[in-house]
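Student: Numbering (my numbering), first residue to last: 44 to 367.
For every residue, glycine included, the Cβ atom is placed at its ideal position computed from N, Cα and C.
Just so it is clear, the structure is predicted and the values come from calculations on it, not from any experiment.
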Ligand SMILES: CC(C)(COP(=O)(O)OP(=O)(O)OC[C@H]1O[C@@H](n2cnc3c(N)ncnc32)[C@H](O)[C@@H]1OP(=O)(O)O)[C@@H](O)C(=O)NCCC(=O)NCCS
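Structure, rendered in structure tokens:
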């Protein structure tokens, strides 16, 4: 059976009607999960000559058809799928999505309209990528960038069941653990690691070379600066701001001192708090909302105020080990 990688807006090469487009908003349905067959796109061109020549005139966007193993269903999509990408059985690809060379989709992935998966990006089974998300983007170093480097990076890798929201951007060299969520408009720079089941909320920024553990919650618009480390089970409330440069953009000396905050196991940061560079928030410690943290926080203590001062112990029933 034949698969068409890109078709006219009018759907002149349908295949949509055979049940492959059941969910609203999805155009292509490649195969069925239960078959779990891998679909490897080939360089075959089998679409009408008229359509191919039209495509050539559109800045290099080309139509292509692919051969698939027997038992998969046909699909129609305006997606652009490189012949060197591989698409697992049961994947659904939205209109105008782009899958560059070397992209690998595990079985049952859903890729939204206009999503872009850059070269080599790897998605495990059952990942959901919403409209306009970009995965595997390469960084561009501005002339005055302090931390960004232009160097080869491994492709972005997403574990099984990862959810990526609309307009989220995940750079190359990032690794997202299984069943983590990266919500709408979140922004993850290169060499970011996110652990399993962690939620990266709407609009969160995680700058380069930061590491986030498993089962963390980073809430709306939190800012995690470059070179930060967050252990498992941490909570970062909305609008929290991490910092990594005490020289505030001046002197060459600052390059030797860039260091983001470290959150130890189960640490929590209240809304709109600011954490100064290189500080450690101890295990299970809590920073009160709006605090400015200027000193390390001992494990299990609550600090509050600006500058944040020690207040009291975190109640036992709030310790990570006492959670269900
Ligand atoms: C730290 C915190 C848990 C303390 O709450 P609490 O135990 O109910 O404390 P209280 O409201 O009884 O306040 C106790 C004292 O601390 C002060 N205080 C409370 N929160 C403060 C804060 N964020 N910064 C400075 N002082 C604070 C109070 O003014 C009060 O002072 P007083 O005794 O002189 O009158 C709470 O203030 C906080 O920061 N919660 C975080 C909320 C948040 O960000 N959630 C994230 C998910 S949305």
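Hey, how far is the Cα of residue 352 from the Cα of residue 135?
Tutor: When rounded, the distance between both Cα atoms is 53 angstroms.
Student: Could you check whether the Cβ of residue 173 sits closer than 6 angstroms to any heavy atom belonging to ligand 1?
Tutor: no
Student: What is the rounded straight-line gap between the Cα of residue 266 and the Cα of residue 244?
Tutor: Pairing residue 266 with residue 244, the inter-Cα distance amounts to about 11 angstroms.
Student: Under the assumption that residue 179 contacts residue 161 (Cβ atoms under 8 angstroms), give the Cβ distance between them as a whole number of angstroms.
Tutor: 3 angstroms
Student: Would you check if the distance between the CB atom of residue 208 and the CB atom of residue 239 is smaller than 7 angstroms?
Tutor: no
Student: So the beta strand (DSSP E) residue 129 belongs to, where does it begin and stop?
Tutor: 129-131
Student: Among residues of its own chain, excluding the 5 on either side of residue 231, which ones have a beta-carbon nearer than 6 angstroms to its beta-carbon?
Tutor: Cβ neighbours of residue 231 beyond the five flanking positions: 213, 217 and 249.
Student: Can you check whether the CB of residue 281 is closer than 7 angstroms to the CB of residue 314?
Tutor: yes
Student: Can you list, in chain order, the residues of its chain whose CB lies under 8 angstroms from that of residue 96, leaving out five sequence neighbours each side?
Tutor: Residue confidence for residue 96 is low, a pLDDT of 35 falling below 50, so the modelled location carries little weight and cannot support an answer.
Student: Measure the C-alpha to C-alpha separation of residue 295 and residue 187 and round it to an integer number of angstroms.
Tutor: Between residue 295 and residue 187, the alpha-carbon positions lie close to 12 angstroms from each other.
Student: Just checking residue 347 against ligand 1 - is the residue's beta carbon closer than 6 angstroms to any of the ligand's heavy atoms?
Tutor: yes
Student: Express the C-alpha separation of residue 345 and residue 354 in angstroms, rounding to a whole number.
Tutor: 6 angstroms
Student: Does residue 358 pass the burial test, meaning 16 or more other C-beta atoms within 10 Å, or should it be called exposed?
Tutor: exposed
Student: Using the Cα positions of residue 171 and residue 271, report the straight-line distance between them to the nearest angstrom.
Tutor: 27 angstroms
Student: Give me the Cα-Cα distance between residue 363 and residue 327, rounded to the nearest whole angstrom.
Tutor: 7 angstroms
Student: My assumption, with CB atoms under 8 angstroms, is that residue 137 sits in contact with residue 158. Please give the rounded CB distance.
Tutor: 7 angstroms
Student: Helix, strand or coil: which one does DSSP assign to residue 349?
Tutor: coil
Student: Take residue 320 as the anchor and find which of 293, 268 and 341 has the nearest alpha-carbon.
Tutor: 268
Student: Using the Cα positions of residue 317 and residue 225, report the straight-line distance between them to the nearest angstrom.
Tutor: Using only the alpha carbons, I get a separation of about 23 angstroms.
Student: Which residues bound the beta strand (DSSP E) around residue 179?
Tutor: Residues 177-180.
Student: Out of 297, 175 and 195, state which residue places its alpha-carbon closest to the alpha-carbon of residue 181.
Tutor: 195
Student: Quick one: does the C-beta of residue 325 sit closer than 6 angstroms to a heavy atom of ligand 1?
Tutor: False, no ligand heavy atom lies under 6 angstroms from that Cβ.
Student: Nearest to residue 324 by CA position, among 299, 235, 183 and 274, is which residue?
Tutor: 274
Student: Let's see if you can read the secondary structure: which residues bound the beta strand (DSSP E) around residue 212?
Tutor: First-last of the beta strand (DSSP E) with residue 212: 212-214.
Student: Considering only residues of the same chain and omitting the five flanking positions on each side of residue 127, which have a CB-CB separation below 7 angstroms?
Tutor: Counting only Cβ-Cβ distances below 7 angstroms, and skipping sequence neighbours, we find 144 and 145.
Student: Grab me the residues of residue 284's own chain with a C-beta within less than 6 angstroms of its C-beta, minus the 5 sequence neighbours each way, in chain order.
Tutor: 266 and 317
Student: For residue 416, I'd like the list of residues in its chain whose CB is within less than 6 angstroms of its CB, leaving aside the five on either flank, ordered along the chain.
Tutor: Because the chain is modelled from 44 through 367, residue 416 falls outside the range shown and cannot be assessed.
Student: If we call anything under 7 angstroms between Cβ atoms a contact, is residue 257 one with residue 233?
Tutor: no
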